[in-house]
Structure formats: structure tokens, C-alpha cells
Amino acid sequence: MIGNDVVDLNLAKTESNWQRKGFLEKQFTDFEINEILKSANPFLKVWLFWSMKEAAYKCYVQEYKKRFFAPKKFSCKIISDREGVVQIETKKYFINYLISGNYIVSVAKENRDLKMVSELFFIDKNESSTKIINDKLVSFFTDDTQLLKNDLGIPYLYQNNKKIDVSVSKSHHGNYGAFAFSTF
């Protein structure tokens, strides 16, 4: 399983007030809140944890085929300046992340050694993010490849109308789009 998430930091600054009353307590564990508040840059830590949780959530939904809203069930831990772990109950997801001045992107994998392709790109606000992401993603495969979603919104790849065994995730926020898929 693979999941990803991207946060446009410029959009997050203007559209989300993470400092409003109750926001941190609703989204984050006590450990995460402590990490956020003692961070040199609490804003970045909030959106890093958010991105890690979203990426892990996408893995979880792919595996268990059910959606829910319970961000505090996903517990984040930073391992290094590019890696973390998200745990929900006994399940662990390994996270690779990148923080730039403009975005945070996270990719979650069920298996740390899973081979994958991951891309992030700028999308002009006048362009269709869904079309751009889908076109870039399927360009890695043969011409007869289609990207379709199931009832839960989980994306799958099909070739000749047959689902192929590749885990796929895609994300967009503001001016950024991203995708990730497993390779074997």
C-alpha cells in the first residue's frame, strides 16, 4: 500500500488558522501537540504532521476499505529530517517527507522497502489539477492504461480493462500536485 499528500504552504497560511481554539486538540495527539508547541517553526510542524497523517490514512483506507475521520488515531513520530512513522493501533506506516519553502509532501508506505515512483509538480491555478495529475501518472505506463476510482475514491490502474497490481495515490493542494505508485 502507498499513500501521499501535499500541502501548499502559501495556501495553508491564508486559508487555515491552526492557532484557532480547539484545532490542535481535535487533530493531534498530546505528544504531537507538545512537539508542535516546542518546535522552532510550529506552522511547519502542524502541516508536516497533517501531511503524514493524510498519507498514512490513504494507505489505511486502501487496505481496510473504510473511510472515517479520526486524525488523533494516527500518531506521528519524526525519525529524521526526511523520515517518520505513523501508527494507528498496531499498524505502522513508514513516511518519507520533504519540506520546501513552498510545500510539504509526504509518502506513506506499509513496507519500508517498497519500491515506488513519486513525483511532485507545480500546477497553474488556471489548469485542471485532476487532469494534469492523471495524465502525468498514466504516462509511466502503456497507452491503454486508465486511472479509475472506486466508490471510496481509491484510485486504481487498469490496462485493457483489467486492474493491475500497483498501489496508487494522488494528491493536490493549491498550486501543487503529486502522485506515488508502487513498482515491483
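For the sequence shown, counting from 1, position 145 maps to 145 in the UniProt record's numbering; every step adds exactly one. Cβ coordinates follow ideal geometry from the N, Cα and C atoms, glycine included.
Would you tell me roughly how many angstroms separate the C-alpha atoms of Asp144 and Lys115, rounded to the nearest one?
Along the sequence shown, read from residue 1 onward, the residue named residue 144 stands at position 144. Along the sequence shown, read from residue 1 onward, the residue named residue 115 stands at position 115. Cα-Cα distance, rounded: 23 Å.
Quick check on Asn4: buried or exposed, where buried means 16 or more other Cβ atoms within 10 Å of its Cβ?
Here residue 4 refers to the residue found at position 4 of the sequence shown. Answer is buried; the Cβ neighbour count reaches 16.
If you measure from the beta carbon of Tyr57 to each beta carbon in chain C, is any gap under 8 Å?
Among the chains in the structure shown there is no chain C, since it carries only a single protein chain.
Could you check what DSSP says for Ile132 in three-state terms: helix, strand or coil?
As a first step, residue 132 must be located in the sequence shown, where it is residue number 132. Helix at Ile132.
Go ahead and label Ala70 buried or exposed: buried means 16 or more other beta carbons lie within 10 angstroms of its beta carbon, across all protein chains shown.
On the sequence shown, residue 70 is found 70 positions in, with the first residue counted as 1. Exposed is the call here.
Do Phe181 and Val117 have their C-beta atoms closer together than 8 Å?
Position 181 of the sequence shown holds residue 181. Position 117 of the sequence shown holds residue 117. The answer is yes: Cβ separation under 8 Å.
I need the DSSP call for Phe166, collapsed to helix, strand or coil.
Position 166 of the sequence shown holds residue 166. Residue identity check: residue 166 is Val in the sequence provided, not Phe. Reduced to three states, the DSSP call for Val166 is coil.
I need the boundaries of the alpha helix (DSSP H) containing Met1, first residue and last residue.
Position 1 of the sequence shown holds residue 1. Per DSSP, Met1 belongs to no alpha helix (DSSP H) and is neither H nor E.
Determine the contact status of Tyr97 and Gly84, defining contact as a CB-CB distance below 8 Å.
Within the sequence shown, the letter at position 97 stands for residue 97. Within the sequence shown, the letter at position 84 stands for residue 84. Their beta carbons are under 8 Å apart, which means Tyr97 touches Gly84 by this criterion.
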